[in-house]
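*Asks:*
Residue numbers (this note's numbering): 17 to 169.
1. Can you tell me the Cα-Cα spacing of residue 124 and residue 31, whole angstroms?
2. Does the stretch 98-116 come close enough to the stretch 48-57 that 3 or more CB-CB pairs lie under 8 Å?
3. Entirely within the stretch 44-114 and at least 3 residues each: give me those beta strand (DSSP E) ranges in chain order.
4. Let me check understanding here. Comparing Cα to Cα, which of 145, 86, 90, 92 lies closest to residue 113?
5. Tell me whether the stretch 33-51 and the stretch 71-91 touch, counting them as touching only if at least three CB pairs, one residue from each stretch, are closer than 8 Å.
6. Where does residue 130 fall in DSSP's three states?
7. With 16 as the cutoff for other CB atoms within 10 Å, does residue 26 come out buried or exposed?
8. I need the DSSP call for residue 40, collapsed to helix, strand or coil.
This is the structure we're talking about:
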C-alpha cells in the first residue's frame with residue numbers, strides 16, 4: 017500500500033499577534049493612566065518654610081513676568097521698580113542686610129520671570145546678602161506651608 021504524499025494545509029497561528037496586541041494595550045493603559053494622574057495633580061506649589069538645618073529663616077520671593085511677589089504676604093513689586101535703587105525691592109534688600117545673620121532670600125523663578133530674576137539678583141548681590149534660587153513651573157500658586165493642610169498667614 018502506497019502512502020499518499022498529500023500534506024495538510026499549514027494552519028495559521030495567531031498567538032504571536034495576540035501577544036504583541038496585549039503588549040500594546042498594556043502600554044497604552046499605562047500612558048493613559050499616567051496622563052490622568054498628571055491632570056489630577058494639584059497645580060499649586062507647596063513649599064516647606066523650614067530653615068533646612070540652618071539657623072537662618074528663608075524669605076521666599078517669586079519672580080514672575082509682572083514683577084516680584086514677596087511671600088507669604090504676597091506683597092507685589094512691579095517689574096519696573098525691581099531695578100530702581102529707591103524702589104521697594106531695594107528697601108526689602110536693605111531690610112535683609114539688617115537681618116543678615118537671621119534671614120536669607122530664596123528667589124523662586126517662573127519661566128516668564130527670568131529677566132525680573134536677573135534684575136532682582138543684581139540688586140541683592142550688590143548688597144552681599146545670602147541668596148538662593150530655584151526654578152518653579154508656570155501656573156498655580158506658591159503656598160508656603162509645612163504641609164498641604166496648613167497655610168501660613
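A virtual CB, placed ideally from N, CA and C, is assigned to each residue, including glycine.
Quick caveat: nothing in here was measured; it's all calculated off a predicted structure.
*Replies:* Per the coordinate set shown:
1. 55 Å
2. no
3. 61-63, 73-80, 83-86, 91-94
4. 145
5. With contact defined as three or more Cβ pairs closer than 8 Å, the stretch 33-51 and the stretch 71-91 are not in contact.
6. helix
7. Exposed is the call here.
8. helix
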